[in-house]
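Novice: Position in the sequence shown (from 1) plus 18 gives the number in this note's numbering.
Don't be surprised by glycine CBs; every beta carbon is placed ideally from N, CA and C.
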Amino acid sequence: MRVAINGMGRIGRLIFRRLFNDPAIELVAVNDIMDPQNLLYLLKYDSVYGTFPDELTLAAGNTINGRCPVRVLQNPQPVTLPWKELEVDVVIESSGRFSSRVAAGEHLLAGARKVLLSTTGSDDIPLMIYGFNQAGISKDTDIISPGGCMTNCSVHLLYILNAIGIETAQLHFLHSYTSRQELVDAPHKEYRRGRAAAESIIPVPIDLHHSLERVMPGLKGKLLSLSTRIPVANGAMADFTVQLSREASVQEINKLFRVAAAGEYKGILDYTDEELVSLDYKGNTHSCVVDGSLTSVVGRHLKLIAWFDNEYGFTSRMIDWLHYWKASGF
Ligand SMILES: NC(=O)c1ccc[n+]([C@@H]2O[C@H](COP(=O)([O-])OP(=O)(O)OC[C@H]3O[C@@H](n4cnc5c(N)ncnc54)[C@H](OP(=O)(O)O)[C@@H]3O)[C@@H](O)[C@H]2O)c1
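Written out as structure tokens, the structure is:
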């Protein structure tokens with residue numbers, strides 16, 4: 019499978035690092051608007067995940083040495099990218115700029131066979147959460163939205179809890195800051211996103227509940243969501259407050275997740291009773307890790323806490339998608 023990445027930010031670079039030595043995938047090109055030497059530097063040195071152990075050099079023709087040479091492109095317009103010439107099977111669209119069907123479709127017009135977004139795209143792109151509804155893919159599916167990190171965490175938690183029954187749920191995420199905020203106070207159309215990211219606890223509205231209703235229509239009208247950005251560079255904690263349809267004990271709730279983690283959800287969802295903090299989840303490959311030590315109930319009112327690495331966990335699902343696509347012969 020020949021793969022290209024468009025948008026070499028946090029997600030694009032982490033996927034690069036993880037595909038660089040993957041024998042099942044040929045990473046053939048990366049594209050961003052930044053200078054290629056600057057990209058090489060950012061691929062090598064990462065403030066969250068440390069220094070990349072392999073030597074990375076930029077050879078003639080702007081290719082990075084690798085198992086197969088990786089062409090480095092610097093082009094802002096997907097439709098003009100050389101995907102046909104490079105025989106690209108899948109473009110990972112991780113610039114965050116091309117997530118509607120028309121915009122992401124530019125990669126198809128440029129010659130790629132499939133596009134895998136790195137976010138929840140517009141409603142006309144199938145929203146497929148790995149570990150939940152990936153079997154709904156067909157050979158004709160040409161653009162997939164795999165959801166975002168919060169969607170990938172929430173779907174499994176809600177689906178499993180729905181075995182008991184969910185009347186309503188408030189989904190709150192404490193989430194590390196991202197490039198969609200400002201480092202120092204600056205103008206922003208969402209005022210709070212324009213406040214210094216490492217200085218404050220910053221609530222930002224999200225429409226996660228809308229995405230979740232798309233894949234779990236039975237929960238329509240029962241969910242609301244909010245994200246609060248916190249002054250750390252990596253990591254996230256889901257804090258769900260759920261009104262259950264019936265009373266359930268902490269033991270019953272935790273057992274549901276412990277069993278799911280050891281069985282059907284192995285590799286996707288995990289469970290722990292250990293008293294850990296966000297840094298301990300850096301590099302964790304799961305979409306979420308339920309923290310049983312923090313589960314609490316009062317009457318039918320449940321508080322459920324789960325952790326995830328918003329970058330590493332999410333890119334693990336993106337890579338699962340590539341392998342799944344390859345194995346199913348797309
Ligand atoms: N970070 C996370 O935790 C996370 C988790 C899950 C999903 N996601 C999603 O993944 C997407 C990317 O997030 P990110 O955190 O990786 O963002 P990011 O660090 O800002 O990366 C985006 C990259 O794309 C580049 N870019 C901008 N315009 C481009 C163009 N026309 N063509 C090619 N590249 C272009 C950006 O350059 P400039 O910086 O110069 O604009 C930047 O290098 C977003 O949709 C986000 O919601 C992020």
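Spatial neighbours of residue 111 within its chain, please: CB distance less than 6 Å, with the 5 preceding and 5 following residues excluded, ordered by chain position.
Specialist: Taken in chain order, the residues that qualify are 24, 122, 133 and 135.
Novice: In the DSSP assignment, find the beta strand (DSSP E) that holds residue 343 and state where it starts and stops.
Specialist: Element bounds for residue 343: not the beta strand (DSSP E) but the alpha helix (DSSP H), 330-345.
Novice: Please report how far the alpha carbon of residue 193 lies from the alpha carbon of residue 251, in whole angstroms.
Specialist: Cα to Cα, the separation comes out at about 9 Å.
Novice: Which class does residue 306 belong to by DSSP, given the choice of helix, strand or coil?
Specialist: Residue 306: strand per DSSP, three-state reduction.
Novice: Looking at residue 191 and ligand 1, is the gap between the Cβ and the nearest heavy atom below 7 Å?
Specialist: Not under cutoff, so the answer is no.
Novice: Is it the case that the stretch 227-236 contacts the stretch 167-183, given that we only count it when at least three CB pairs across the two stretches are under 8 Å?
Specialist: The answer is yes - the stretch 227-236 touches the stretch 167-183, with three or more Cβ pairs under 8 Å.
Novice: Is DSSP giving residue 255 helix, strand or coil here?
Specialist: Of the three classes helix, strand and coil, the one that applies to residue 255 here is strand, per DSSP.
Novice: Between which two residues does the beta strand (DSSP E) harbouring residue 173 extend?
Specialist: No beta strand (DSSP E) holds residue 173; the alpha helix (DSSP H) holding it covers 167-179.
Novice: Please name the residue, chosen from 77, 257 and 340, that lies closest to residue 401 on a Cα-to-Cα basis.
Specialist: Because the chain here runs from 19 to 348, residue 401 falls outside it and cannot be looked at.
Novice: Comparing the CB of residue 200 with every heavy atom of ligand 1, is any distance shorter than 7 Å?
Specialist: No, the Cβ of residue 200 stays beyond 7 Å of every heavy atom of ligand 1.
Novice: With distance defined between alpha-carbon atoms, name the residue in 113, 199, 65 and 320 nearest to residue 269.
Specialist: Nearest of 113, 199, 65 and 320 to residue 269, Cα basis: 320.
Novice: Can you tell me the Cα-Cα spacing of residue 60 and residue 239, whole angstroms?
Specialist: Near 43 Å, if we compare the C-alpha coordinates of residue 239 and residue 60.
Novice: Have a look at residue 278 and residue 90 and give me their C-alpha separation to the nearest angstrom.
Specialist: The straight-line gap from Cα to Cα measures roughly 42 Å.
Novice: Do residue 215 and residue 201 count as a contact pair if the criterion is CB distance below 8 Å?
Specialist: Taking 8 Å as the Cβ cut-off, residue 201 and residue 215 qualify as a contacting pair.
Novice: Determine the contact status of residue 38 and residue 64, defining contact as a CB-CB distance below 8 Å.
Specialist: No, these two residues do not count as a Cβ contact at 8 Å.
Novice: I'd like the ranges of any alpha helix (DSSP H) spanning at least 4 consecutive residues and lying wholly in the stretch 113-153.
Specialist: Listed in chain order, they are 119-127.
Novice: Given a cut-off of 8 Å on the beta-carbon distance, is the pair residue 184 and residue 237 in contact?
Specialist: Closer than 8 Å, so yes.
Novice: Would you check if the distance between the CB atom of residue 329 and the CB atom of residue 126 is smaller than 8 Å?
Specialist: No; because the gap between Cβ atoms is not below 8 Å, this pair is not in contact.
Novice: Quick check on DSSP: helix, strand or coil for residue 185?
Specialist: If DSSP states are grouped into helix, strand and coil, residue 185 belongs with the strands.
Novice: So which of 85, 19, 109 and 86 has the shortest CA-CA distance to residue 50?
Specialist: If we check each option's Cα against that of residue 50, 109 comes out closest.
Novice: Decide if residue 288 is buried, meaning its Cβ has at least 16 other Cβ atoms within 10 Å, or exposed.
Specialist: Burial call: buried.
Novice: At the level of alpha carbons, what is the spacing between residue 129 and residue 138?
Specialist: When rounded, the distance between both Cα atoms is 23 Å.
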